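FYI, in mature numbering (1 follows the signal peptide of the UniProt record, and there is no 0) the residues of the sequence shown are -33 to -1, 1 to 290.
Where a beta carbon is used, it is the ideal one built from N, C-alpha and C, also for glycine.
These figures come from a predicted structure and were not determined experimentally.
Beneath this line is the structure, given in structure tokens, with notes to follow.
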Amino acid sequence: MKAVRFSMLRVSRVGLASSIATLLGAVVLAVPAAADTDPGAPVAHDDAYTLYPDEAVVPLRVEANDTPTGEVRIHDFERPERDTGVVLYVEAGTLFADVSHFAPLGTVVVHYDVIDGQSRTSAPATITLTVEQDPSRGPVAVDDDFTDRRIMGGGSYVLDVLANDTDPFGRELTITGCSDARRASDETTAGVVTVAADARTVTLAVPARLLGRKVRASFSCTITNGTRTASEVATFQTTPVERVRVHRTGEPRQISFTNPNHGFVRIYLGRHPSAHRWSLGVHRVAPGQTQILRTDERLTRYRVAYGKQQIFFMRGSRAIRQR
């Protein structure tokens, strides 16, 4: 009877030892699994940003989607190659991208690490930076001043209104339309503006009635880069015609005249004030040209015409009298 009890006790002890060993084995096997999921280690996620060359400096909050939220910060990052034009730097714990150094279009991949401020452990991730054109950004239109051009009534002039306009991404600019030119003083029409077939220039046709007059006027144009538009104003001023004076040369029976204008003039000389009966003829004088004529007439009358329209701005002078 005692042997039976001992045997039972022995069996019980063996079973207990086996149970304890089994339990301990389970605990030992669970320890490595717990180490793999340490709640104190940070987890970093890859990020991607699209940058535009005219944005200059852009903050990259790459730690915003990393965990533990609010406890990780940038620890280290890879600097892009110089030829990418992208500059990265950290300021006040935030990573910034500077693309103001003429960054070319393309993609840059940067590796970085975040660190947990409490556990002091780090985790790697990557940032993909894509530099591209922003189709929503429009061209930069600058007003034009053509007042230094010799623009006269009765003529047509080709004007390059796109010369000082730019696009932030170098896209081609074209002209979509322009208004007619109007005088600054009374808003009356001072010219007709036509866009060229290639949409790169405009032609300004100034009416002949403005020949010889000084008139300031302007017109507006709309330009586009293919997606966005911008407007500008072009200003011009018609050049007044300078008087052509016929005078004695100092030599007996000689008269002279010089054309100070930038266009041809016609000078009618003789005794008769009729354009068809000038005894000394009609003389076409080029810009800057001087002509000298000999005449036996004691009194020479003259009339000056400028341009094809024969708008006379000087009539019937009696100043040319021979000694």
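Runs of beta strand (DSSP E) lying entirely within the stretch 248 to 274, each at least 3 residues, in chain order
249 to 252, 257 to 261, 266 to 273
Note the first and the last residue of the continuous beta strand (DSSP E) segment covering threonine 161.
Per DSSP, the unbroken beta strand (DSSP E) holding threonine 161 starts and ends at 156 to 162.
Exposure label - proline 9; buried when at least 16 CB within 10 Å
Counting the other CB atoms within 10 Å of its CB gives proline 9 a total of 16 or more, which places it among the buried residues.
Quick check: what's the CA-CA separation for glycine 211 versus arginine 149?
Reading the sequence as shown, one finds valine at residue 211 and not glycine. Cα to Cα, the separation comes out at about 29 angstroms.
At which residue ranges does the stretch 32 to 98 contain complete alpha helix (DSSP H) runs of 4 or more residues, listed in the order of the chain?
none
Sorted by chain position, which residues of the same chain lie with C-beta nearer than 7 angstroms to arginine 251's C-beta, five sequence neighbours on each side aside?
Taking arginine 251 as the centre and dropping the five residues before and after it, the same chain places the C-beta of Phe231, Arg233 closer than 7 angstroms to its C-beta, in chain order.
What residues in its chain sit with their C-beta under 8 angstroms from that of serine 187, if we drop five residues either side in the sequence?
Cys145, Ser146, Ser198, Glu199, Val200, Ala201
Can you tell me the Cα-Cα spacing of proline 91 and aspartate 165, whole angstroms?
Distance between the alpha carbons of proline 91 and aspartate 165 is about 54 angstroms.
Could you tell me whether the stretch 220 to 228 touches the stretch 254 to 261, where touching means 3 or more Cβ pairs closer than 8 angstroms?
yes
Look at the alpha carbon of arginine 138 and the alpha carbon of threonine 156, and state the distance between them as a whole number of angstroms.
34 angstroms
Alpha-carbon spacing of serine 152 relative to threonine 61, whole angstroms
For serine 152 and threonine 61, the distance between alpha carbons rounds to 57 angstroms.
Where does glutamate 218 sit, in a helix, a strand or coil, going by DSSP?
coil
Is the distance from the Cβ of threonine 194 to the Cβ of methionine 119 below 7 angstroms?
no
Determine the direct distance from the alpha carbon of valine 66 to that of glutamate 48, and round the result to whole angstroms.
13 angstroms
Would you say valine 169 and leucine 126 are within 7 angstroms of each other, going by their C-beta atoms?
Yes. Within cutoff.
Spatial neighbours of proline 227 within its chain, please: C-beta separation below 6 angstroms, excluding the five flanking residues on both sides.
Glu209
Glutamine 204 - containing beta strand (DSSP E), residue span
Where glutamine 204 is concerned, the enclosing beta strand (DSSP E) stretches over 196 to 204.
Residues bridged to arginine 104 [DSSP beta-bridge criterion]:
Bridge partners of arginine 104: none, in fact.
What does alanine 184 pair with, by DSSP beta-bridge criteria?
Arg150, Phe203
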